Each structure stands twice: as C-alpha cells, then as structure tokens.
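Report on the following structure.
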Amino acid sequence: MRRVSIGLLGCGTVGQGLVELLSCEQARIRNQFGVDLGIHRILVRDGEKPRRGIDSRLVTTSAMDVIDSPCDLVVELIGGTHSAGAFIRRAIGLGRHVVTANKALLASAPELFSMATLHGVRLGFEASVCGALPVVRVLQHGFAGDSIESVRGIVNGTCNYVLTRMEEDGLELPEAVRQAQARGFAEADPAFDIGGVDSAQKLRILARLAFPNLPAVKVETDGIGAVRAAAIDAARERDSVIRLIAEARRVPGGVALSVGPRVIARGDPLASVREENNGVVIRGRASGELLLTGKGAGSMPTAAAVLADVIGIVAGNMDQAAVA
Ligand SMILES: NC(=O)c1ccc[n+]([C@@H]2O[C@H](COP(=O)([O-])OP(=O)(O)OC[C@H]3O[C@@H](n4cnc5c(N)ncnc54)[C@H](OP(=O)(O)O)[C@@H]3O)[C@@H](O)[C@H]2O)c1
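Throughout the sequence shown, residue numbering follows the numbering used here, covering 8 to 331 in sequence.
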C-alpha cells in the first residue's frame with residue numbers, strides 16, 4: 008500500500024468538505040486504488056477558528072509549513088489569485104503535484120500549466136469548472152477522436168438559481184438575488200456572478216481544452232443584471248426560457264467566446280437545467296451533442312471533483328484526473 012501525503016491549503020467550504028469526504032471514502036480508495044491518502048498539514052488564515060472534525064495539530068497559518076515539508080501533492084483551496092498563485096508556483100517549483108479548484112487563478116495565469124509541464128508535475132483542475140460535472144475530463148479524453156465544434160453551458164449556479172426563481176415565482180431580480188443569498192447560493196456581493204465574470208473565467212478554461220490550438224480571444228461578457236420579469240414572461244409566451252449561457256464555438260479562422268442571457272426554446276437541453284444546477288452541452292463534429300448536468304458547486308460536490316484529481320494523479324491513472 009502506497010502512503011500519499013497531501014498538503015492542504017485552505018479549510019473553508021471546499022477544504023472542509025475534502026477532509027470529510029476523504030474520511031468517508033478512505034477505506035474504499037485504499038481497496039480500489041491501492042493508495043492510502045492522508046492530509047499532513049492544513050493551511051488556514053485564522054488559526055484560532057474552531058473547525059469541526061479537523062485535527063487542530065495539523066492546522067498552521069504558515070504556507071511554508073505545508074508546501075516545504077515533504078509531501079506528495081498540494082491541494083490549493085484558498086481561492087483568490089495573489090497568495091494562491093504564489094503558493095502554487097512554489098509547490099510546482101519544489102516538484103509537488105498540485106490540485107486546485109481556483110478558476111480565477113487558472114483563467115488569469117495559464118502559464119501555470121506550462122510551468123507544471125516544465126517541472127514534470129501534474130496540475131489537476133477539474134473542480135475549477137462546474138463542480139461535480141466531469142467536464143474537464145470529458146473534454147480532455149472523451150473527444151480525442153472527434154473535433155469539437157462548440158461548448159455551450161450554464162456554468163454559474165447563482166445566476167441559474169436567480170433566473171429560476173424569477174421564472175417560477177414571478178420575482179424581480181433583486182428579490183431573487185436575496186433569496187439566493189438566504190439559501191447560500193449567492194455571495195454577500197454577488198456582482199462577480201450576476202455580471203457574468205465568473206462564467207467568463209470558466210468559459211476561458213473550457214475553451215482552452217476544447218480548442219487547444221486556437222488563439223485566446225476576448226470573452227464578450229454580459230450578465231443577467233438587466234433581465235426583468237417581463238422579459239421572462241415574454242419568453243414563456245414563446246415557449247422559451249432565459250438562461251445565462253456561456254458559449255465557445257468554432258468560427259472561420261478561430262473561436263468566438265461569449266457569455267450573456269439568452270432566450271432558449273424549452274426543447275433546448277439547457278432549458279431543463281434549473282435551480283442552482285449547471286449544464287454543459289458539447290457538440291462534436293462526428294458525435295453530435297452530449298449533455299452533462301448536475302451540481303456545479305457546493306462543499307461536497309466540489310470536494311468530490313478535487314478528490315478524483317488527487318486519486319488520478321497519485322494512482323497514476325491519468326484517465327481519472329483532469330490534469331495538464
Ligand atoms: N464553494 C464552492 O462551492 C466552490 C465551487 C467550485 C470552486 N470553488 C473554488 O474553491 C476555492 C475555495 O473556495 P471556498 O468556497 O472553499 O473558499 P472559503 O470558504 O472562503 O475558504 C477559503 C479557505 O482558505 C483560507 N485562506 C484564504 N486565504 C488565505 C491565505 N492568504 N492564507 C491562508 N489561508 C487562507 C481560509 O482560512 P480561514 O478558514 O482561516 O478563513 C479558508 O479556510 C476557490 O478558488 C473557489 O473559487 C468553490
């Protein structure tokens with residue numbers, strides 16, 4: 008049995024979920040993959056905060072305690088770009104594999120992938136886009152025999168929840184946002200989600216996977232801030248719904264990337280994606296359309312995607328990992 012030591016950066020929503028999930032799944036992972044996963048240190052900002060189910064002896068406020076001490080792999084779940092970027096660069100430089108859920112960082116620092124390749128380590132990032140949906144794996148492995156024509160999806164659960172409430176309860180946007188906040192589906196400041204920026208970051212990651220040889224282009228980004236209940240009613244009369252759609256599609260000479268509220272017919276596979284769920288439709292030239300749908304965020308669904316990458320990397324089964 009190979010013992011694998013994980014350095015965990017961050018113990019918030021996803022980090023705490025990872026610790027819980029690992030303790031539930033540890034025995035199965037040992038049997039199925041022949042690896043014994045253990046967390047050796049956990050970085051947090053506030054060392055005094057009580058943390059349910061966390062061994063306080065593992066907790067540190069020094070990133071170097073985690074990254075520099077011998078470990079096989081570093082999992083980054085602190086979020087943001089500045090410190091997270093510095094910590095991941097240090098871990099890669101020390102030859103550690105890295106798994107991250109940080110779409111903001113990956114969208115703004117694509118050079119991390121080439122840095123990982125240069126140092127001969129893996130960078131897992133399935134959890135950075137659409138939580139539990141294995142969309143990164145599908146784009147990396149599932150379409151190897153086909154040319155992708157487009158990737159189109161609902162990749163922001165906050166906006167989808169807000170639009171669902173407007174559609175089903177007749178609410179205007181501010182009240183629907185308040186409900187999303189009350190249910191824990193929206194941040195106190197939801198501007199990043201509502202404005203389409205979060206969707207644009209995820210789309211950039213998906214587009215790099217779907218169209219690796221095409222040059223990066225700007226994402227034409229519009230959010231749902233201007234969507235009114237009357238527009239949703241008008242869509243309903245045409246047997247349609249409004250969804251925030253992120254789309255990357257092949258166009259002559261390149262790829263076009265856009266995020267914006269779109270009126271889509273009820274028969275569109277994305278029209279049935281409701282509440283805080285995500286959905287992605289990948290169209291291949293030969294294979295036609297494939298729909299992935301499910302939980303795009305949340306503690307346990309996101310932790311499951313992180314853990315799948317960890318296992319894929321350490322068990323040497325790259326089909327299991329969404330890695331660069
Ligand atoms: N939440 C989701 O559903 C979800 C879904 C997909 C992807 N993600 C991504 O997953 C990552 C983590 O998200 P989250 O929701 O788990 O965040 P979170 O709840 O805010 O947790 C962040 C954790 O990192 C620690 N931390 C933050 N900055 C730090 C620093 N500079 N030094 C040391 N520790 C620091 C915090 O410490 P304290 O506990 O002491 O404050 C906390 O434990 C983000 O990149 C996010 O985009 C999240």
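C-beta atoms are modelled at their ideal positions from N, C-alpha and C, and glycine is treated no differently. All values derive from a computational prediction rather than experimental measurement.
**Item:** Closest by C-alpha distance to Ala263, when choosing among Ala293, Arg235 and Arg215
**Value:** Locating residue 263 in the sequence shown gives position 256, counting from the first residue. The option with the nearest alpha carbon to Ala263 is Arg215.
**Prompt:** In the stretch 75-135, which residue ranges form an unbroken beta strand (DSSP E) of at least 3 residues, counting only runs that do not cross its ends?
**Reply:** 80-83 and 104-107
**Prompt:** Going by the C-beta, is Arg354 closer than 8 Å to any heavy atom of ligand 1?
**Reply:** Any question about residue 354 goes unanswered here, given that the chain covers just 8 to 331.
**Message:** I'd like the list of long-range same chain contacts for Val11, defined as Cβ closer than 6 Å, with 5 residues on each side in sequence excluded.
**Reply:** Here residue 11 refers to the residue found at position 4 when the sequence shown is read from its first residue. Here the set comprises Val42, Leu44, Asp79 and Val321.
**Request:** Apply the 10 Å Cβ neighbour rule to Asn220 and answer buried if 16 or more other Cβ atoms are within range, or exposed otherwise.
**Result:** Translated into the one-based positions of the sequence shown, residue 220 becomes position 213. Its Cβ having fewer than 16 others within 10 Å, Asn220 is exposed.
**Message:** Helix, strand or coil for Arg159? Go by DSSP, reduced to three states.
**Reply:** Position 152 of the sequence shown, counted from the start, is the residue given in the question as residue 159. Three-state DSSP puts Arg159 in a strand.
**Request:** Enumerate in chain order the residues of its own chain whose CB-to-CB distance from Met71 is below 6 Å, with the five nearest sequence positions on each side excluded.
**Result:** Within the sequence shown, residue 71 is the residue found at index 64, counting from 1. Around Met71: no qualifying Cβ.
**Asked** Shortest alpha-carbon distance to Val313 belongs to which of Gly203, Ser154, Ala108 and Asp196?
**Response** As a working mapping, residue 313 is identified with position 306 in the sequence shown. The candidate whose alpha carbon is nearest that of Val313 is Ala108.
**Prompt:** So what's Val280 in DSSP terms, helix, strand or just coil?
**Reply:** If you number the sequence shown from 1, residue 280 lands on position 273. Reduced to three states, the DSSP call for Val280 is coil.
**Message:** Here's a check: name, in chain order, each residue in its chain whose Cβ is nearer than 6 Å to the Cβ of Ala98, leaving out the five neighbours to either side.
**Reply:** Translated into the one-based positions of the sequence shown, residue 98 becomes position 91. Taken in chain order, the residues that qualify are Ile74, Val81 and Val105.
**Message:** Tell me which residues share the same chain as Gln327 and place their Cβ nearer than 7 Å to its Cβ, disregarding the 5 neighbours each side in the sequence.
**Reply:** The count along the sequence shown starts at 1 and reaches residue 327 at position 320. Reliability of the predicted coordinates at Gln327 is poor, the pLDDT of 44 falling under 50, and the value obtained from them is presented with this limitation in mind. So the list reads Ala315, Ile318 and Gly319, once near-sequence residues are dropped.
**Message:** Going by DSSP in three states, Leu178 sits in which element: helix, strand or coil?
**Reply:** In the sequence shown, the residue the question calls residue 178 occupies position 171. Three-state DSSP puts Leu178 in coil, outside helix and strand.
**Request:** Write down every uninterrupted run of the beta strand (DSSP E) in the stretch 242-323 whose length is 3 residues or greater and which is fully enclosed by it, in chain order.
**Result:** 247-258, 261-272, 284-291 and 295-302
**Message:** Is it buried or exposed, Met8, if we count other Cβ atoms within 10 angstroms and call 16 or more buried?
**Reply:** Here residue 8 corresponds to residue number 1 of the sequence shown, with the count starting at 1. Met8 is exposed by the Cβ-count criterion.
**Prompt:** With 16 other CB atoms within 10 Å as the buried threshold, where does Glu83 fall?
**Reply:** Here residue 83 is taken as the residue at index 76 of the sequence shown, counted from 1. When all chains shown are included, Glu83 counts as buried.
**Message:** For Gly295 and Val162, I'd like the C-alpha separation in whole angstroms.
**Reply:** Here residue 295 corresponds to residue number 288 of the sequence shown, with the count starting at 1. Here residue 162 corresponds to residue number 155 of the sequence shown, with the count starting at 1. Gly295 and Val162: Cα-Cα distance of roughly 20 Å.
**Item:** Residue environment, Glu55, which counts as buried when at least 16 other CB atoms sit within 10 Å
**Value:** Sequence index remark: in the sequence shown, residue 55 carries index 48 (1-based). With fewer than 16 other Cβ atoms within 10 Å, it is exposed.
**Message:** Counting C-beta neighbours from all protein chains within 10 Å, is the total for Cys137 16 or more, i.e. buried, or is it exposed?
**Reply:** One-based indexing of the sequence shown puts residue 137 at position 130. Cys137 is buried by the Cβ-count criterion.
**Asked** Is there at least one non-hydrogen atom of ligand 1 closer than 8 Å to the beta-carbon of Ile74?
**Response** Working through the sequence shown from its first residue, we reach residue 74 at position 67. Because no heavy atom of ligand 1 lies under 8 Å away, the Cβ of Ile74 does not count as near it: no.
**Prompt:** Per DSSP, what kind of secondary structure is Thr171 in: helix, strand or coil?
**Reply:** Locating residue 171 in the sequence shown gives position 164, where the first residue counts as 1. DSSP places Thr171 in helix when its eight states are reduced to three.
**Identified DSSP bridge partners for Gly14** = Start at 1 with the first residue of the sequence shown, and residue 14 comes out as number 7. Bridge partners of Gly14: Arg48 and Val81.
**Asked** Looking only at its own chain, which residues have a Cβ that is under 7 Å from the Cβ of Pro222, when we skip the five neighbours before and after it?
**Response** Taking the first residue of the sequence shown as position 1, residue 222 is located at position 215. Once the five neighbours on either side are set aside, the close Cβ partners of Pro222 are Gly261.
**Request:** Would you list the residues sitting across from Asp43 in a DSSP beta bridge?
**Result:** As a position in the sequence shown, residue 43 is number 36, starting the count at 1. Paired residues: Arg10.
**Asked** Cα separation between Pro308 and Gly17?
**Response** Taking the sequence shown and counting its residues from 1, the one referred to as residue 308 is at position 301. Taking the sequence shown and counting its residues from 1, the one referred to as residue 17 is at position 10. Roughly 17 Å between the two C-alpha positions.
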